[in-house]
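Undergrad: Pasting in a structure now, in structure tokens, and then I'll have a few things to ask.
2 protein chains.
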Amino acid sequence: MRNEARFDLPRRMLLGPGPSDVHPRVLGAMSQPTIGHLDPAFVSLMEEIKDLLRYAFRTTNAFTIPISGPGSAGMEACFVNLLEHGDTAIVCVNGVFGTRMRENVERCGACAVVVEDAWGSPIDPDKVAAALKANPGTKVLAFVHAETSTGVRSDAAALCALAKQHGALTIVDTVTGLGGISVDVDAWGADAVYSGSQKCLSVPPGLSPLTFGPRAVAAVKARKTKVQSWFLDLSLLMGYWAGEGGRSYHHTAPINALYGLHEGLLMLREEGLEHAWARHARMSAAFVAGVEAMGLAMQVDADVRLPQLNVVKAPSGVDEAAIRRDMLGLADVEIGGALGAWAGKAWRIGLMGQSATPRHVLGCLGALEGALAAAGVKIPAGAGVVAARRVLDGA
Amino acid sequence: MRNEARFDLPRRMLLGPGPSDVHPRVLGAMSQPTIGHLDPAFVSLMEEIKDLLRYAFRTTNAFTIPISGPGSAGMEACFVNLLEHGDTAIVCVNGVFGTRMRENVERCGACAVVVEDAWGSPIDPDKVAAALKANPGTKVLAFVHAETSTGVRSDAAALCALAKQHGALTIVDTVTGLGGISVDVDAWGADAVYSGSQKCLSVPPGLSPLTFGPRAVAAVKARKTKVQSWFLDLSLLMGYWAGEGGRSYHHTAPINALYGLHEGLLMLREEGLEHAWARHARMSAAFVAGVEAMGLAMQVDADVRLPQLNVVKAPSGVDEAAIRRDMLGLADVEIGGALGAWAGKAWRIGLMGQSATPRHVLGCLGALEGALAAAGVKIPAGAGVVAARRVLDGA
Numbered sequence: 010m011r012n013e014a015r016f017d018l019p020r021r022m023l024l025g026p027g028p029s030d031v032h033p034r035v036l037g038a039m040s041q042p043t044i045g046h047l048d049p050a051f052v053s054l055m056e057e058i059k060d061l062l063r064y065a066f067r068t069t070n071a072f073t074i075p076i077s078g079p080g081s082a083g084m085e086a087c088f089v090n091l092l093e094h095g096d097t098a099i100v101c102v103n104g105v106f107g108t109r110m111r112e113n114v115e116r117c118g119a120c121a122v123v124v125e126d127a128w129g130s131p132i133d134p135d136k137v138a139a140a141l142k143a144n145p146g147t148k149v150l151a152f153v154h155a156e157t158s159t160g161v162r163s164d165a166a167a168l169c170a171l172a173k174q175h176g177a178l179t180i181v182d183t184v185t186g187l188g189g190i191s192v193d194v195d196a197w198g199a200d201a202v203y204s205g206s207q208k209c210l211s212v213p214p215g216l217s218p219l220t221f222g223p224r225a226v227a228a229v230k231a232r233k234t235k236v237q238s239w240f241l242d243l244s245l246l247m248g249y250w251a252g253e254g255g256r257s258y259h260h261t262a263p264i265n266a267l268y269g270l271h272e273g274l275l276m277l278r279e280e281g282l283e284h285a286w287a288r289h290a291r292m293s294a295a296f297v298a299g300v301e302a303m304g305l306a307m308q309v310d311a312d313v314r315l316p317q318l319n320v321v322k323a324p325s326g327v328d329e330a331a332i333r334r335d336m337l338g339l340a341d342v343e344i345g346g347a348l349g350a351w352a353g354k355a356w357r358i359g360l361m362g363q364s365a366t367p368r369h370v371l372g373c374l375g376a377l378e379g380a381l382a383a384a385g386v387k388i389p390a391g392a393g394v395v396a397a398r399r400v401l402d403g404a
Numbered sequence: 010m011r012n013e014a015r016f017d018l019p020r021r022m023l024l025g026p027g028p029s030d031v032h033p034r035v036l037g038a039m040s041q042p043t044i045g046h047l048d049p050a051f052v053s054l055m056e057e058i059k060d061l062l063r064y065a066f067r068t069t070n071a072f073t074i075p076i077s078g079p080g081s082a083g084m085e086a087c088f089v090n091l092l093e094h095g096d097t098a099i100v101c102v103n104g105v106f107g108t109r110m111r112e113n114v115e116r117c118g119a120c121a122v123v124v125e126d127a128w129g130s131p132i133d134p135d136k137v138a139a140a141l142k143a144n145p146g147t148k149v150l151a152f153v154h155a156e157t158s159t160g161v162r163s164d165a166a167a168l169c170a171l172a173k174q175h176g177a178l179t180i181v182d183t184v185t186g187l188g189g190i191s192v193d194v195d196a197w198g199a200d201a202v203y204s205g206s207q208k209c210l211s212v213p214p215g216l217s218p219l220t221f222g223p224r225a226v227a228a229v230k231a232r233k234t235k236v237q238s239w240f241l242d243l244s245l246l247m248g249y250w251a252g253e254g255g256r257s258y259h260h261t262a263p264i265n266a267l268y269g270l271h272e273g274l275l276m277l278r279e280e281g282l283e284h285a286w287a288r289h290a291r292m293s294a295a296f297v298a299g300v301e302a303m304g305l306a307m308q309v310d311a312d313v314r315l316p317q318l319n320v321v322k323a324p325s326g327v328d329e330a331a332i333r334r335d336m337l338g339l340a341d342v343e344i345g346g347a348l349g350a351w352a353g354k355a356w357r358i359g360l361m362g363q364s365a366t367p368r369h370v371l372g373c374l375g376a377l378e379g380a381l382a383a384a385g386v387k388i389p390a391g392a393g394v395v396a397a398r399r400v401l402d403g404a
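Those protein sequences? They're chains P and X, same order as listed.
Heads up, the first sequence stops at 404 in the numbering used here, and the numbers go up one at a time, no gaps.
Heads up, the second sequence stops at 404 in the numbering used here, and the numbers go up one at a time, no gaps.
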């Protein structure tokens, strides 16, 4: 045991599926002295965070807050508040997080109707339409907008429109989407949407931005039974986040983590949402050009690929985990392994938030080339970096 | 809306019921660059945190971790994992947090047998013994060791012994206890114990240290039904915190918050638990001497009073909320209002962790004297500070 002394932390370049690199401004905000959660200054900060989240989500929803827990707590908040025993939910599964949604539905004592699509494919709206038709009275349609496990984007607008046609509420997971690609809660007509702090917002993990629209709030208020989670009961959380005057105690908010979220959201607004989306798209284009110039292939089709999560096929015969260990050990570059059907055969490379910069694209390509070459894979020297630079230089 | 610019935070002296003042070492640790939650360096940090928590809880329990949420998430983790539909739990209620425990039991679909004691009194072991006798087959006895709402300590050792005699598991809330007064999980024979980061550990809010003993772990493994919360399912969390080799993905841990917890626990071990307890006792003794020299009275009897949470009666006719506003506005000293039966009639003054120092005792007494004098209350000038100094000077 070496905890006699302070912990000696390495400095990494974070290019996995999250967390992403955190800007010094956010780290600095988090290290400001703690104040009380009932302090008038903290109440003002809460109000600003709600405003900034509404900007990020593109919504006017009054109930837009960060849940005091990671993305999986945000997910659970949606399900436990909208579902009651015996309700039916259609759950789209095309990766790990769809499967987790299904778990949530079942643990609420509700019935999960699963619409499955292949690993690496987007959700097929036709199948969803058929499921909605076949299951009248469905209360919730739940799907993942940006699947972190596969790097695939699904058509949130189309899926929300289908749900609305059939009178179902939508629960949308955009943990990896928010700040990286277009998320447009009001235009979609989405009812309950959650995200995570540690992806394209580049705030440390531990908070889950969440927004509930009027139909979702009405459904919470119309419940016949109490929400099974006290901690995630939105009728209580609404009171806690109600603003000066109407606030009622629920839990103690994670003060310093919220300082960080505030700063990260402020940086997003300073840049502008559309500019942030364009930056993610440009960094991914440069990265993909580099990967392909190295003779490697992307796993997901370009039209449904998330720019912030790039899945690269490992060359056959290469021990992909050894490449990751080499990159981390020598170059301090973290990339992610693949899951499910792709485990051992691909890498997940995140270019999210503060990790979506030319420095990260070029650093990753260089480290990957070095590790592959050291493992005996024949790679045209420097080709990846040159091709990426061409995109970055604005060709 | 003023979030065009960075947020201008005040500097406070935190003497409410939590959060307490956070040491610059902890704030500095939290501002270290984020690394990945699967990074080998982070896995080492997780192992060290488990060791340090075992030291703080005085336990050898293998399953000793911080829950990635505030104390109310730690509370819920205990109930949802140990209770199933139809189980019976005896819940001791002598303040706000006992009432919250009861809510948790009922939301698990279990039957809550309530043993009530008066606001400001400790839990009466005789009543608990009678309830255990009257309800054979009770699965859980739940109680609050250190009631944050009243400043009262109950006899955890006696209550755990009673539960063991009757074959019931214990769930013990020591959110405000850990690090401030004797918490002795193994000696008590307590089965499931949770705490909070923001009280006597002086780490920002957002984490809930938790320990499960062998009987509690066996109960989780023997469950017939799935835990209703996916996020708080301990069988999944055990996999996530299993250490190098056996780790399985669950959620993304709040990396930077855990840096802070590690540093705060390290500081506690450097000081030594017994020294920390003695410091809390001495600061409270000095504070109480000061309060009484000012002609004010303590609300809770000395033999069951928590040194880290001092409830002071407001002089009759004084607007206690105005006094708090004055202290915060002019002296940047935060104290807490009282709840329940004492609302509007008393203050809750925390001397927790890094807020249990002579500077805080004297600063609080001075600010309180000033605010009372400004409100027209006759207070012998300087008497509080002089009396407190006498204790601090080692009389």
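Virtual Cβ for every residue (Gly too), placed ideally from N, Cα, C.
Could you check whether the Cβ of P:Met276 sits closer than 8 Å to any Cβ belonging to chain X?
TA: Cβ-Cβ to chain X under 8 Å: no for P:Met276.
Undergrad: Tell me whether P:Lys59 is buried or exposed, calling it buried when 16 or more other Cβ atoms sit within 10 Å of its Cβ.
TA: With 16 or more other Cβ atoms within 10 Å, it is buried.
Undergrad: Closer than 6 Å by C-beta to X:Asn12: which residues in its own chain qualify, once you throw out the five before and the five after it? Chain order, please.
TA: With a pLDDT of only 47 at X:Asn12, under 50, the local geometry of the prediction cannot be trusted, and the value read off the model is given with reservation. So the list is empty, once near-sequence residues are dropped.
Undergrad: Tell me the DSSP secondary structure of P:Phe221 in three-state form.
TA: In this structure, P:Phe221 counts as strand in the three-state DSSP scheme.
Undergrad: Quick check: what's the CA-CA separation for P:Arg399 versus P:Pro33?
TA: Roughly 29 Å separates the two Cα atoms.
Undergrad: Just to confirm the assignment, what range does the alpha helix (DSSP H) spanning X:Met336 have?
TA: Glu329 to Ala340
Undergrad: Using a Cβ-Cβ cut-off of less than 9 Å, give me the residues of the segment 105 to 124 of chain X that come near chain P, in sequence order.
TA: Val105, Arg109, Glu112, Asn113, Glu115, Arg116, Cys117 and Gly118
Undergrad: What separation, rounded to the nearest whole angstrom, lies between the Cα atoms of P:Arg162 and P:Leu187?
TA: 12 Å
Undergrad: Suppose the cutoff is 8 Å on Cβ atoms and the five residues either side in sequence are ignored; what does the same chain contact list for P:Ile332 look like?
TA: Ala323, Trp356, Leu377, Ala380, Leu381 and Ala384
Undergrad: For X:Val181 and X:Ala225, what's the separation of their Cα atoms in angstroms?
TA: 12 Å
Undergrad: Taking Cβ to Cβ, would you say X:Met292 is nearer than 8 Å to X:Leu360?
TA: Yes.
Undergrad: Beta carbon of X:Leu91, beta carbon of X:Ala228: below 8 Å?
TA: yes
Undergrad: Starting from the beta carbon of X:Ile132, find every residue of chain P whose beta carbon is closer than 8 Å, and list them in chain order.
TA: Ordered by position in chain P, no residue passes the 8 Å Cβ test against X:Ile132, which lies about 21 Å from the chain.
Undergrad: Could you give the DSSP three-state label for P:Pro389: helix, strand or coil?
TA: coil
Undergrad: In its own chain, which residues sit with a C-beta less than 6 Å from the C-beta of X:Glu115, not counting the 5 before and 5 after it?
TA: Ala121
Undergrad: Are the C-beta atoms of P:Asn319 and some chain X residue less than 8 Å apart?
TA: no
Undergrad: According to DSSP, simplified to helix, strand and coil, what is X:Phe240?
TA: If DSSP states are grouped into helix, strand and coil, X:Phe240 belongs with coil.
Undergrad: Suppose you measure from the CA of P:Ala298 to the CA of X:Ala119; what does that come to, to the nearest Å?
TA: 58 Å
Undergrad: Just the Cα atoms here: how many angstroms apart are P:Thr68 and P:Thr183?
TA: 14 Å
Undergrad: Under 7 Å between beta-carbons, which chain X residues line up against P:Val31? List them in chain order, please.
TA: Pro42 and Thr43
Undergrad: Assign P:Ser77 to one of two classes, buried (16 or more other C-beta atoms within 10 Å of its C-beta) or exposed (fewer than that).
TA: buried
Undergrad: Can you look up X:Glu93 in the DSSP assignment and give me helix, strand or coil?
TA: coil
Undergrad: Between P:Glu301, P:Val386 and P:Asp328, which has its C-alpha nearest P:Ala396's C-alpha?
TA: P:Glu301
Undergrad: Excluding the 5 residues preceding and the 5 following X:Met3 in the sequence, name in chain order all residues of the same chain whose CB lies nearer than 6 Å to its CB.
TA: The requested residue 3 of chain X does not occur in the structure, where chain X is confined to residues 10 to 404.
Undergrad: Where does X:Gly375 fall in DSSP's three states?
TA: helix
Undergrad: Please list the partners that X:Trp250 has in chain P, where partner means a Cβ-to-Cβ separation under 9 Å.
TA: The premise fails here: X:Trp250 is roughly 14 Å from chain P at the closest Cβ pair, so nothing lies under 9 Å.
Undergrad: Comparing the C-beta of P:Ile264 with each C-beta of chain X, is any distance below 8 Å?
TA: yes
Undergrad: Can you tell me the Cα-Cα spacing of X:Gly104 and X:Leu241, whole angstroms?
TA: 25 Å
Undergrad: Counting only Cβ pairs nearer than 8 Å, list the residues of chain P close to X:Thr366.
TA: Those do not exist, as X:Thr366 stays about 15 Å from chain P at its closest Cβ, beyond 8 Å.
Undergrad: Taking C-beta to C-beta, are P:Thr220 and P:Phe72 nearer than 8 Å?
TA: Pairing P:Thr220 with P:Phe72 gives a Cβ-Cβ distance under 8 Å.
Undergrad: When DSSP builds the beta bridges, which residues end up paired with P:Lys136?
TA: DSSP lists no partner for P:Lys136.
Undergrad: Have a look at P:Gly83 and X:Val327 and give me their C-alpha separation to the nearest angstrom.
TA: 43 Å
Undergrad: Would you call the segment 21 to 30 of chain X in contact with the segment 304 to 321 of chain P, where contact means no fewer than 3 C-beta pairs closer than 8 Å?
TA: no
Undergrad: Which bits of chain P does X:Asp48 rub up against, with CB to CB less than 8 Å?
TA: Those are Pro19, Arg21, Leu337 and Glu343, listed as they occur along chain P.
Undergrad: Report the residue from P:Lys354, P:Tyr203, P:Gly176 and P:Ala167 whose alpha carbon sits nearest the alpha carbon of P:Ala196.
TA: P:Ala167
Undergrad: For a contact defined as C-beta to C-beta under 8 Å, what are the partners of P:Glu85 on chain X?
TA: Ser238, Trp239 and Phe240
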